[in-house]
Amino acid sequence: MGIGIVIRDEMGEALTACCDQKEHVQHPATAECMALWKAMEISRDLGFHRVVFEGDAQNIVRAINEDNTDYPSYGSIIHDAKKMLQQQQGWKVQYAHRTSNEVAHKLAKQALCLESEFIWMDVMPTFISDRIDMEKQCIDNITQS
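So for the sequence shown, full-length UniProt numbering puts the first residue at 1; every next one is plus one.
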(Lines of atoms letter the chains of each structure in order from A and count residues from 1; the text may use other names and numbers.)
(Lines give C-alpha, C1' and ligand atoms only; values in the text may rest on other atoms or scores of the structure.)
Protein backbone atom coordinates (compact mmCIF):
# COMPACT_ATOMS: atom_id res chain seq x y z
CA MET A 1 0.00 0.00 0.00
CA GLY A 2 1.24 3.53 -0.69
CA ILE A 3 0.90 6.83 1.13
CA GLY A 4 0.86 10.27 -0.42
CA ILE A 5 1.18 13.67 1.21
CA VAL A 6 1.04 17.21 -0.12
CA ILE A 7 1.72 20.21 2.11
CA ARG A 8 0.39 23.56 0.90
CA ASP A 9 0.50 27.10 2.15
CA GLU A 10 -2.64 29.13 2.87
CA MET A 11 -2.82 30.18 -0.79
CA GLY A 12 -2.85 26.58 -1.99
CA GLU A 13 0.72 26.57 -3.30
CA ALA A 14 2.37 23.18 -2.88
CA LEU A 15 5.42 23.41 -0.62
CA THR A 16 6.26 19.76 -0.11
CA ALA A 17 5.08 16.42 -1.43
CA CYS A 18 5.94 12.94 -0.27
CA CYS A 19 5.15 9.39 -1.26
CA ASP A 20 6.23 6.13 0.26
CA GLN A 21 5.38 2.47 -0.10
CA LYS A 22 4.30 0.62 3.04
CA GLU A 23 4.77 -3.03 2.06
CA HIS A 24 3.33 -4.67 5.15
CA VAL A 25 0.29 -2.43 5.55
CA GLN A 26 -2.91 -4.25 4.62
CA HIS A 27 -5.63 -1.94 5.91
CA PRO A 28 -6.40 1.44 4.28
CA ALA A 29 -7.09 3.04 7.67
CA THR A 30 -3.59 2.14 8.82
CA ALA A 31 -2.14 3.71 5.67
CA GLU A 32 -4.21 6.86 6.30
CA CYS A 33 -2.84 7.04 9.86
CA MET A 34 0.71 6.59 8.61
CA ALA A 35 0.23 9.35 6.04
CA LEU A 36 -1.09 11.71 8.72
CA TRP A 37 1.83 10.86 11.01
CA LYS A 38 4.34 11.45 8.17
CA ALA A 39 2.72 14.80 7.34
CA MET A 40 3.02 15.78 11.01
CA GLU A 41 6.69 14.76 11.11
CA ILE A 42 7.49 16.76 7.98
CA SER A 43 5.56 19.80 9.25
CA ARG A 44 7.34 19.64 12.60
CA ASP A 45 10.75 19.22 10.98
CA LEU A 46 10.13 22.19 8.66
CA GLY A 47 8.98 24.33 11.60
CA PHE A 48 5.39 24.91 10.45
CA HIS A 49 3.37 26.39 13.31
CA ARG A 50 -0.13 26.82 11.87
CA VAL A 51 -1.17 23.65 10.08
CA VAL A 52 -4.49 22.14 9.06
CA PHE A 53 -4.12 18.46 8.24
CA GLU A 54 -6.85 17.25 5.92
CA GLY A 55 -7.80 13.64 5.45
CA ASP A 56 -10.60 11.92 3.59
CA ALA A 57 -10.92 9.03 6.05
CA GLN A 58 -13.64 10.24 8.42
CA ASN A 59 -12.97 7.46 10.92
CA ILE A 60 -9.34 8.57 11.29
CA VAL A 61 -10.23 12.26 11.60
CA ARG A 62 -12.85 11.35 14.20
CA ALA A 63 -10.39 9.14 16.11
CA ILE A 64 -7.87 11.99 16.25
CA ASN A 65 -10.41 14.60 17.36
CA GLU A 66 -12.38 12.56 19.92
CA ASP A 67 -11.36 11.42 23.39
CA ASN A 68 -12.03 7.75 22.65
CA THR A 69 -8.98 5.53 23.18
CA ASP A 70 -10.30 2.27 21.70
CA TYR A 71 -8.89 1.91 18.19
CA PRO A 72 -8.20 -1.17 16.08
CA SER A 73 -4.74 -2.04 14.78
CA TYR A 74 -3.72 1.58 14.19
CA GLY A 75 -4.26 2.76 17.78
CA SER A 76 -0.62 3.44 18.55
CA ILE A 77 -0.31 5.77 15.55
CA ILE A 78 -3.48 7.61 16.63
CA HIS A 79 -2.08 7.93 20.15
CA ASP A 80 1.23 9.33 18.85
CA ALA A 81 -0.54 11.74 16.48
CA LYS A 82 -2.76 13.03 19.29
CA LYS A 83 0.31 13.56 21.45
CA MET A 84 2.04 15.56 18.72
CA LEU A 85 -1.12 17.63 18.15
CA GLN A 86 -1.18 18.53 21.84
CA GLN A 87 2.40 19.80 21.57
CA GLN A 88 1.59 22.02 18.57
CA GLN A 89 -1.06 24.59 19.47
CA GLY A 90 -1.67 25.84 15.93
CA TRP A 91 -2.33 22.42 14.44
CA LYS A 92 -5.65 20.70 13.77
CA VAL A 93 -7.01 17.77 11.80
CA GLN A 94 -10.16 18.01 9.72
CA TYR A 95 -12.10 16.02 7.16
CA ALA A 96 -11.81 16.83 3.45
CA HIS A 97 -13.79 15.10 0.73
CA ARG A 98 -11.72 12.81 -1.48
CA THR A 99 -12.26 15.05 -4.51
CA SER A 100 -10.23 17.77 -2.79
CA ASN A 101 -7.50 15.29 -1.90
CA GLU A 102 -6.66 13.82 -5.32
CA VAL A 103 -3.01 14.92 -5.32
CA ALA A 104 -2.35 12.82 -2.22
CA HIS A 105 -4.08 9.83 -3.82
CA LYS A 106 -2.06 10.19 -7.00
CA LEU A 107 1.12 10.27 -4.89
CA ALA A 108 -0.02 7.17 -3.00
CA LYS A 109 -0.53 5.30 -6.28
CA GLN A 110 2.89 6.40 -7.51
CA ALA A 111 4.44 5.11 -4.29
CA LEU A 112 3.56 1.57 -5.36
CA CYS A 113 6.08 1.88 -8.20
CA LEU A 114 8.90 3.19 -6.01
CA GLU A 115 11.44 1.36 -3.91
CA SER A 116 11.96 4.09 -1.33
CA GLU A 117 10.40 7.24 0.07
CA PHE A 118 10.50 10.35 -2.10
CA ILE A 119 10.12 13.90 -0.80
CA TRP A 120 9.89 16.91 -3.08
CA MET A 121 10.48 20.45 -1.83
CA ASP A 122 9.41 23.57 -3.77
CA VAL A 123 9.46 21.90 -7.22
CA MET A 124 6.72 19.29 -7.51
CA PRO A 125 6.88 16.21 -9.75
CA THR A 126 5.25 16.56 -13.15
CA PHE A 127 2.83 13.67 -12.64
CA ILE A 128 0.89 15.73 -10.05
CA SER A 129 1.36 19.28 -11.35
CA ASP A 130 -1.96 19.35 -13.24
CA ARG A 131 -3.89 18.19 -10.14
CA ILE A 132 -2.05 20.67 -7.92
CA ASP A 133 -3.16 23.49 -10.22
CA MET A 134 -6.77 22.23 -10.27
CA GLU A 135 -6.95 21.94 -6.48
CA LYS A 136 -5.32 25.38 -6.10
CA GLN A 137 -8.05 26.88 -8.31
CA CYS A 138 -10.66 25.31 -6.04
CA ILE A 139 -8.95 26.84 -3.00
CA ASP A 140 -8.81 30.23 -4.78
CA ASN A 141 -12.55 30.02 -5.53
CA ILE A 142 -13.36 29.19 -1.91
CA THR A 143 -11.22 32.02 -0.48
CA GLN A 144 -12.73 34.54 -2.91
CA SER A 145 -16.31 33.60 -1.99
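We put the beta carbon where it would ideally sit given N, CA and C, even for glycine.
All values reported here derive from a predicted model rather than from experimental measurement.
- Put simply, of 135, 26, 67, 44 the residue whose alpha carbon is nearest the alpha carbon of residue 106 is 135.
- Classified as buried, residue 36 has 16 or more neighbouring CB atoms from the shown chains inside 10 Å of its CB.
- Put simply, of 97, 79, 47 the residue whose alpha carbon is nearest the alpha carbon of residue 56 is 97.
- When rounded, the separation of the alpha-carbon atoms in residue 17 and residue 126 is 12 Å.
- In the three-state scheme derived from DSSP, where H, G and I count as helix and E and B as strand, residue 8 is classed as strand.
- Where residue 15 is concerned, the enclosing beta strand (DSSP E) starts and stops at 14-21.
- With contacts defined as CB atoms closer than 8 Å, residue 48 and residue 93 fail to qualify as a contacting pair.
- Burial is judged here by how many other beta carbons sit within 10 angstroms of a residue's own beta carbon; residue 38 has at least 16 and is buried.
- The Cβ atoms of residue 117 and residue 45 lie no closer than 8 Å to each other.
- The beta-bridge partner set that DSSP reports for residue 94 consists of 54.
- Closest in C-alpha terms to residue 109, from the list 128, 123, 120, 121, comes 128.
- The C-beta separation of residue 74 from residue 29 comes to about 6 Å, placing the pair in contact by the 8 Å criterion.
- Within its own chain, the residues whose Cβ lies closer than 8 Å to the Cβ of residue 131, once the five positions on either side in sequence are excluded, are 102, 103, 106, listed in chain order.
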